[in-house]
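Undergrad: First the structure, which I've put down as structure tokens, then a few questions once you've had a look.
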Amino acid sequence: MKDETLNNPEVKETPDQKLDQMIEKGNVDFYFRPGLEGIPACQSNIGYIDGVRGILEYRGVRIEELAEKSNFEEVSFLLLHAKLPKADFLKKWTLDLTRHRRLPEGLLDTLRRYPQTAHPMEVLQSAVAAMGMYYHGDDVSEEEERFHSICRIIAKIPTIIGAFHRIRNGEEPILPNDDLSHSANFLYMVTGKVPSEREARLFDACLILHAEHGLNASTFAARAVGSTLADPYAVASSAIASLSGPLHGGANERVINMFREIETIENVRPWVEKAVAEKRRIMGLGHRVYKTKDPRAYVLETMAEEVFQGSNDRCLMLAMEVEKVAGEMLGSKGIFSNVDFYSGLVYRQLGFTEDLFTTIFAAARSAGWLAHWLEQLEGNRIYRPTQIYQGDRNMPYIPAEER
Numbered sequence: 103m104k105d106e107t108l109n110n111p112e113v114k115e116t117p118d119q120k121l122d123q124m125i126e127k128g129n130v131d132f133y134f135r136p137g138l139e140g141i142p143a144c145q146s147n148i149g150y151i152d153g154v155r156g157i158l159e160y161r162g163v164r165i166e167e168l169a170e171k172s173n174f175e176e177v178s179f180l181l182l183h184a185k186l187p188k189a190d191f192l193k194k195w196t197l198d199l200t201r202h203r204r205l206p207e208g209l210l211d212t213l214r215r216y217p218q219t220a221h222p223m224e225v226l227q228s229a230v231a232a233m234g235m236y237y238h239g240d241d242v243s244e245e246e247e248r249f250h251s252i253c254r255i256i257a258k259i260p261t262i263i264g265a266f267h268r269i270r271n272g273e274e275p276i277l278p279n280d281d282l283s284h285s286a287n288f289l290y291m292v293t294g295k296v297p298s299e300r301e302a303r304l305f306d307a308c309l310i311l312h313a314e315h316g317l318n319a320s321t322f323a324a325r326a327v328g329s330t331l332a333d334p335y336a337v338a339s340s341a342i343a344s345l346s347g348p349l350h351g352g353a354n355e356r357v358i359n360m361f362r363e364i365e366t367i368e369n370v371r372p373w374v375e376k377a378v379a380e381k382r383r384i385m386g387l388g389h390r391v392y393k394t395k396d397p398r399a400y401v402l403e404t405m406a407e408e409v410f411q412g413s414n415d416r417c418l419m420l421a422m423e424v425e426k427v428a429g430e431m432l433g434s435k436g437i438f439s440n441v442d443f444y445s446g447l448v449y450r451q452l453g454f455t456e457d458l459f460t461t462i463f464a465a466a467r468s469a470g471w472l473a474h475w476l477e478q479l480e481g482n483r484i485y486r487p488t489q490i491y492q493g494d495r496n497m498p499y500i501p502a503e504e505r
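My numbering runs 102 ahead of the 1-based position in the sequence shown.
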């Protein structure tokens with residue numbers, strides 16, 4: 103096929119052709135970054151991160167202040183609407199989330215048919231995608247339809263998590279309690295008991311800390327899928343799939359497994375020294391953005407100290423010793439604890455099993471994903487990055503009998 107751009111000044115070069123020219127000139131290394139590291143892919147007003155100074159803000163408000171003074175309902179409104187709500191708007195938003203908690207009976211039947219050995223993240227991903235078959239969400243240009251879809255996704259994710267957890271343990275799902283807050287109801291549907299005010303407040307802060315974090319892998323997946331004008335249930339499902347990987351949300355499960363492997367305080371230093379010598383990844387340490395301790399880890403460490411008060415469980419002391427020894431050996435390289443290091447300890451003390459940890463992450467991050475989805479739809483342009491082709495060219499076709 104004739105290339106219409108050749109020797110025709112009226113036809114502009116494509117990005118791929120420009121890249122081919124850079125490769126020929128040996129300039130490609132300047133543009134190519136594995137994993138798109140450091141390459142801006144969008145403009146956003148949602149989350150601000152300063153990885154050097156350890157700052158995280160949602161719409162300009164510091165995460166430490168939100169975790170201390172706000173609640174998840176208010177923070178999700180802030181992320182989605184770019185402002186803290188007035189009292190009447192917050193009341194309406196909270197009521198909207200509350201009335202969307204229940205699952206269609208058909209979706210509950212589907213959860214009952216899943217293998218009891220399925221990982222909760224697999225169940226959550228498929229169940230959120232299935233929600234798109236029960237509710238209209240295809241017309242992403244319709245503001246009211248977008249709003250109802252957002253409410254359903256944020257409100258129903260905890261119900262899906264709680265329902266499957268109980269089903270796999272041979273118990274009936276617990277219906278949402280409309281008298282409880284988002285975080286308290288989440289705990290209630292999973293554990294079967296109404297949490298104390300202190301437990302609900304701690305869990306609320308956990309959800310706030312995980313609600314948004316810039317253009318991470320799952321948020322990028324959400325924006326990329328959203329850029330095709332796919333419905334919001336497909337957008338959220340794709341983000342959950344990305345989050346399930348061990349290099350993203352799945353790390354918090356592996357942190358607990360690491361502590362279990364180390365076992366005692368005396369084993370910490372030799373274990374860390376061996377891991378560093380063998381260049382093995384120490385789960386819960388290091389971050390692509392932060393070159394200092396993750397600001398969320400400071401808050402979670404304080405929360406962990408609170409939930410472990412009066413407990414005989416020595417896991418928190420073990421964690422602090424790992425952080426101390428690893429800091430001595432890796433701090434000069436900018437490797438410090440991240441959000442996953444302490445979060446699993448808090449979740450476990452609140453009554454969650456380890457394989458539910460990442461689903462909590464997803465429940466919280468759904469607000470951030472959907473805020474980015476809305477932002478992506480403003481002046482949307484479908485994501486279409488280019489590639490650097492390094493394979494053979496102009497190869498002849500060889501018939502099967504001659505190969």
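All C-beta atoms, glycine included, are put in the ideal place defined by N, C-alpha and C.
Taking 8 Å as the threshold, find out whether the stretch 321–340 comes into contact with the stretch 452–472 through three or more Cβ pairs.
TA: The stretch 321–340 vs the stretch 452–472: in contact.
Undergrad: Report the residue ranges of all alpha helix (DSSP H) runs contained in full by the stretch 289–368; include only those spanning at least 4 residues, in chain order.
TA: DSSP runs (the alpha helix (DSSP H)) wholly in the stretch 289–368: 299–311, 319–328, 334–345 and 353–364.
Undergrad: For a test of the three-state rule: what should DSSP assign to R513, helix, strand or coil?
TA: With the chain covering only 103 through 505, there is no way to say anything about residue 513.
Undergrad: Cβ atoms of G234 and Y335: under 7 Å apart, would you say?
TA: Counted from its first residue, the sequence shown places residue 335 at position 233. Counted from its first residue, the sequence shown places residue 234 at position 132. Yes, the pair counts as a contact, with Cβ atoms nearer than the cut-off.
Undergrad: Tell me whether K258 is buried or exposed, calling it buried when 16 or more other Cβ atoms sit within 10 Å of its Cβ.
TA: As a working mapping, residue 258 is identified with position 156 in the sequence shown. Answer is buried; the Cβ neighbour count reaches 16.
Undergrad: Report buried or exposed for P222, applying the criterion of at least 16 other Cβ atoms within 10 angstroms of its Cβ.
TA: Walking along the sequence shown from the start, residue 222 turns up at place 120. By the 10 Å Cβ count, P222 comes out buried.
Undergrad: Give me the Cα-Cα distance between K393 and N318, rounded to the nearest whole angstrom.
TA: Taking the first residue of the sequence shown as 1, we reach residue 393 at position 291. Taking the first residue of the sequence shown as 1, we reach residue 318 at position 216. Each residue's alpha carbon lies about 16 Å from the other.
Undergrad: Go ahead and pull the three-state DSSP assignment for S413.
TA: On the sequence shown, residue 413 is found 311 positions in, with the first residue counted as 1. S413: coil per DSSP, three-state reduction.
Undergrad: How far does the beta strand (DSSP E) with D198 in it extend, from its first residue to its last?
TA: By 1-based counting over the sequence shown, the position of residue 198 is 96. No beta strand (DSSP E) holds D198; the alpha helix (DSSP H) holding it covers A189 to R201.
Undergrad: Does the beta-carbon distance from R268 to P260 come in below 7 Å?
TA: One-based indexing of the sequence shown puts residue 268 at position 166. One-based indexing of the sequence shown puts residue 260 at position 158. Not closer than 7 Å, so no.
Undergrad: Could you check how far apart the C-beta atoms of E407 and H284 are, in whole angstroms? I think they sit under 8 Å.
TA: Indexing the sequence shown from 1 puts residue 407 at position 305. Indexing the sequence shown from 1 puts residue 284 at position 182. Not a contact, Cβ separation roughly 25 Å.
Undergrad: Do N271 and N279 come within 7 Å of each other at the CB atom, strictly closer than that value?
TA: On the sequence shown, position 177 is the one that residue 279 refers to. On the sequence shown, position 169 is the one that residue 271 refers to. Not in contact: N279 and N271 (Cβ atoms no closer than 7 Å).
Undergrad: Would you check if the distance between the CB atom of G328 and the CB atom of W475 is smaller than 7 Å?
TA: Position 226 of the sequence shown, counted from the start, is the residue given in the question as residue 328. Position 373 of the sequence shown, counted from the start, is the residue given in the question as residue 475. The answer is yes: Cβ separation under 7 Å.
Undergrad: State yes or no: is the beta carbon of S439 nearer than 7 Å to at least one beta carbon in chain D?
TA: The chain inventory of the structure shown lacks chain D, comprising one protein chain alone.
Undergrad: Based on the DSSP secondary-structure assignment, which residues constitute the bridge partners of G493?
TA: In the sequence shown, residue 493 corresponds to position 391, counting from 1. In the DSSP output, where bridge partners are listed per residue, G493 has none listed.
Undergrad: Residues in its own chain within less than 6 Å of A229 by CB, not counting five upstream and five downstream?
TA: As a working mapping, residue 229 is identified with position 127 in the sequence shown. Counting only Cβ-Cβ distances below 6 Å, and skipping sequence neighbours, we find I262.
Undergrad: Determine the closest residue to L282 out of A332, L197, G453 and T330, with distance taken between C-alpha atoms.
TA: Against the sequence shown, residue 282 aligns to sequence position 180. Among A332, L197, G453 and T330, the Cα nearest to that of L282 is on L197.
Undergrad: Taking all protein chains shown into account, decide if P501 is buried (16 or more other Cβ within 10 angstroms of its Cβ) or exposed.
TA: By one-based count along the sequence shown, residue 501 stands at place 399. By the 10 Å Cβ count, P501 comes out exposed.
Undergrad: Which first and last residues belong to the beta strand (DSSP E) in which G149 is found?
TA: To locate residue 149, count along the sequence shown from 1; it is residue 47. Taken as a continuous stretch (DSSP letters only), the beta strand (DSSP E) holding G149 covers G149 to D152.
Undergrad: Please report how far the alpha carbon of A302 lies from the alpha carbon of N440, in whole angstroms.
TA: Locating residue 302 in the sequence shown gives position 200, where the first residue counts as 1. Locating residue 440 in the sequence shown gives position 338, where the first residue counts as 1. Taking the straight line from one Cα to the other gives about 23 Å.
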